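If you number the sequence shown the way the working numbering does, the last residue is 1737 and the count never jumps. From the three backbone atoms N, C-alpha and C, an ideal C-beta is built for every residue, glycine too. Treat the numbers as computed from the prediction; the structure is a model and nothing was measured. Report on the structure given below.
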Amino acid sequence: MKKKISYILTLLVLVVFASSCYDDKGNYDYVEISKVTTTSLEESYSKIAFQDVLHIEPTVTSDRAGDEFEYLWTLNLTKGSGTTSQIIKIELDTIGYERVLDFPVNVNQGYYDLTLRITNKGNGMDVYHVMSLSVITKFSEGFYLLKDMGNSTDIDLHMWDNSKITDILQKKDGEALPASPVSLGIDPVYCFIDESTGKYVITKALTICTDNDVRIINMEDMSTVYTHNTMFHSGVAPEEKPYYVWRNMYGVGYISDQGAYFSAQAATEQLLGAGKFGFPAMVNDEEDSKPNKNGGVFMGFYYFYFDELKDRFLYLDFNGGLSALLNNVKDSQEEEKYIPNGIKHKLKAFVRNYVGNVNTGFALFEDADVTGKHYLYNMVLDDAPYNPIRKVTEIASTSKLNTATLYASNELTAKVIYFVNNNKLYMYDTELNTEEELQPQDFATGEEITYISNRYWMWTDDKEHNFDYLVIATHKAGKYKVYLYEVLGGKAYGKPKYVFEGDGKVVKMQYVSPKMSMKSLDYFPGSF
1210 MKKKISYILT LLVLVVFASS CYDDKGNYDY VEISKVTTTS LEESYSKIAF
1260 QDVLHIEPTV TSDRAGDEFE YLWTLNLTKG SGTTSQIIKI ELDTIGYERV
1310 LDFPVNVNQG YYDLTLRITN KGNGMDVYHV MSLSVITKFS EGFYLLKDMG
1360 NSTDIDLHMW DNSKITDILQ KKDGEALPAS PVSLGIDPVY CFIDESTGKY
1410 VITKALTICT DNDVRIINME DMSTVYTHNT MFHSGVAPEE KPYYVWRNMY
1460 GVGYISDQGA YFSAQAATEQ LLGAGKFGFP AMVNDEEDSK PNKNGGVFMG
1510 FYYFYFDELK DRFLYLDFNG GLSALLNNVK DSQEEEKYIP NGIKHKLKAF
1560 VRNYVGNVNT GFALFEDADV TGKHYLYNMV LDDAPYNPIR KVTEIASTSK
1610 LNTATLYASN ELTAKVIYFV NNNKLYMYDT ELNTEEELQP QDFATGEEIT
1660 YISNRYWMWT DDKEHNFDYL VIATHKAGKY KVYLYEVLGG KAYGKPKYVF
1710 EGDGKVVKMQ YVSPKMSMKS LDYFPGSF
């Protein structure tokens, strides 16, 4: 025990001796940290690709005299934010070394992080400023009009500043599409494989269906991605009449008279796809369908349409599954008086309403046996797969709705249906079952009404460009006019906010914003 104590004491003496001999060579010369202030920087910038120069001239000051700085500007395509996805790697591109940045924006459209690093030469301290850069093209934003040019199809683009680009297909491809137009759609996050590079491309797509063809167009440069002949995995296009191509949440939807197709892809969820289609979806994996061409209702996760093969409503879900609706309502096992299966009448129109944040479908049927006799089905679509039919109303025999030629609905502010009868515009109140003629201010008479619709863009991150318009297109002597009215109580309010004019007959319209993404699908019309 005594030996152990003696050993411990000896160790303690050695430790004390060693520490007394230690020469502290630490550096205790402190560098003063100065305060750096940067001004004349914006939070965000927006430029046109391959056209604009990004000029930024920040003022950089220090509270210590004599400080000198080095500068580094970098650019990185962001994750998420609409046109890009979380799979994109952080790859910083250096675009400048001087305080003043003059950067020719020769990059693809998208959203970028723009970073300025300021390094103090005296103490090596860095200061970072991160801004956002939105790179758009001249095709990124505006009102696209689908035109019937007389057995051919083309598109015009009208911008907020009243400038326009006309006959885009003719100018891009050397000819318009040689068939009559059917529908115009948009996909804000379309993905496809560039055959020249073998790489995936994520872009916004404009989709056009004609009587016998389809065009899926890359809106960055309006180049054709696929036609009806090239958009199938098999390489063989079926004999069919195309109706509509649209973004159906986690994929691309396409309907024709031969069925409903689905191409799985969701770039913002790291699910990439070729953008091509296989075979039509089948109910219970065995039943074909034949979509009616007179409308469908998209409500975020589902697309509803009427199947003419078995006289029933079906819905294509966000994963591409096709299902029939049940005859009983939710929380009940009893079959209702009106059911979504076995409806023998002829569907004339199927439109959406979203008043009160309730997805409602209005389906107008003509009696199978009595010509001119119509029924209006009021359907709540949020409860799928349960019976959505809440009410069926027989339209009064005196109503002009019985002989209407065009139909649309107010989606956001009133439960009304717009229709055209004898080249006059009417509004049908679905709750009161009344109708009245609408006579918008400064609306030209004596011209053929070719299109009516409620078009809107209500995304909260783009309030500067939010709108909710009743759109009316007319045609006379080979020329069109498109009137955009604000809406109050379902009616056109005041003078038109815009009047677009050009050649041809307008039959569809879609608004496109560079800020559209999968997150904003409920904030613009998804139907055609």
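Exercise. What did DSSP end up calling S1465 once you bin it into helix, strand or coil?
Worked result: strand
Problem set entry | Cβ neighbour criterion (16 or more within 10 Å) applied to S1736 | buried
Exercise. If you count every other CB in all the chains shown that lies within 10 Å of the CB of T1639, and 16 or more means buried, which is it?
Worked result: buried
Exercise. Roughly how many angstroms separate the alpha carbons of M1636 and A1617, rounded to a whole number?
Worked result: 10 Å
For this session: Would you kindly report the start and end of the unbroken alpha helix (DSSP H) that includes Q1379?
Result: I1377 to D1382
Exercise. Hey, is the segment 1722-1729 in contact with the segment 1355-1366, meaning 3+ C-beta pairs nearer than 8 Å?
Worked result: no
Problem set entry | Presumed contact (8 Å Cβ cut-off) between N1317 and L1301, rounded CB distance | Contact flag wrong, Cβ pair sits at about 16 Å.
Problem set entry | Minimum length 3: unbroken beta strand (DSSP E) runs contained in the segment 1439-1485 | 1451-1456, 1460-1465 and 1468-1473
Exercise. In the segment 1562-1643, which residue ranges form an unbroken beta strand (DSSP E) of at least 3 residues, counting only runs that do not cross its ends?
Worked result: 1569-1575, 1583-1589, 1598-1603, 1615-1618, 1625-1630 and 1633-1638
For this session: May I have the straight-line CA-CA distance separating L1223 from N1332, to the nearest angstrom?
Result: Any reading at L1223 is ruled out, since the residue's pLDDT is 37, under 50, leaving its predicted position unreliable.
Problem set entry | Entirely enclosed alpha helix (DSSP H) segments - the segment 1340-1413, minimum 4 residues | 1377-1382
Exercise. Which first and last residues belong to the beta strand (DSSP E) in which Q1719 is found?
Worked result: K1714 to V1721
Exercise. Can we say the segment 1309-1327 touches the segment 1343-1357, given the rule of at least three CB pairs closer than 8 Å?
Worked result: yes
Exercise. Which stretch, first to last residue, makes up the beta strand (DSSP E) that contains T1654?
Worked result: Run containing T1654: none; DSSP gives neither H nor E here.
Exercise. Beta strand (DSSP E) containing G1305: first to last residue?
Worked result: D1302 to G1305
Exercise. Does the segment 1505-1513 come within contact of the segment 1573-1585, defined as at least 3 CB pairs closer than 8 Å?
Worked result: no
For this session: Name the residue from A1476, E1449 and E1448 whose alpha carbon lies nearest to the alpha carbon of V1151.
Result: For residue 1151 there is no data in the structure shown, the boundaries of the chain being 1210 and 1737.
Problem set entry | Cβ-based neighbour list, A1206, same chain, cut-off 8 Å, excluding 5 preceding and 5 following | One cannot answer for residue 1206 here, as it falls past the ends of the chain, which runs 1210 to 1737.
Problem set entry | Sheet register partners of G1708 (DSSP bridge) | The identity of residue 1708 in the sequence shown is Val, whereas the question assumes Gly. DSSP output for V1708 lists Y1692 as bridge partner(s).
Exercise. Can you tell me whether DSSP reads H1554 as helix, strand or coil?
Worked result: coil
Exercise. With DSSP run on the structure shown, which of helix, strand or coil describes D1430?
Worked result: coil
For this session: Spell out the partners DSSP gives I1327 in its beta bridges.
Result: Y1280 and V1336
Exercise. CB-CB under 8 Å to R1599, same chain, minus the five flanking residues each way: which ones, in chain order?
Worked result: N1587, M1588 and V1589
Problem set entry | Euclidean distance between Cα positions of K1413 and E1478 | 16 Å
Exercise. Using the beta-carbon count (16 or more within 10 Å), is S1372 buried or exposed?
Worked result: exposed
For this session: Using a threshold of 9 Å, state whether the C-beta atoms of Y1524 and W1455 are closer than that.
Result: no
For this session: Express the C-alpha separation of S1392 and L1354 in angstroms, rounding to a whole number.
Result: 10 Å
For this session: Mind checking who I1417 pairs with in its DSSP beta bridge?
Result: L1393 and R1424
For this session: List the residues that DSSP assigns as beta-bridge partners of Y1665.
Result: D1677
Problem set entry | Proximity test, Cβ basis, 9 Å: I1265 and chain B | Among the chains in the structure shown there is no chain B, since it carries only a single protein chain.
Exercise. Can you name, in chain order, every residue of its own chain whose Cβ lies under 8 Å from the Cβ of V1567, other than the five neighbours on each side?
Worked result: V1589 and D1591
Exercise. Per the contact definition of three or more C-beta pairs closer than 8 Å, is the segment 1478-1497 in contact with the segment 1545-1556?
Worked result: no
Problem set entry | T1287, enclosing beta strand (DSSP E) - first and last residue | Element bounds for T1287: n/a, residue is neither H nor E.
Exercise. For K1724, which three-state DSSP category applies?
Worked result: coil
Exercise. Does DSSP put L1730 in a helix, in a strand, or in coil?
Worked result: helix
Exercise. From this set, I1464, A1473 and K1706, which residue's C-alpha is nearest M1458's C-alpha?
Worked result: A1473
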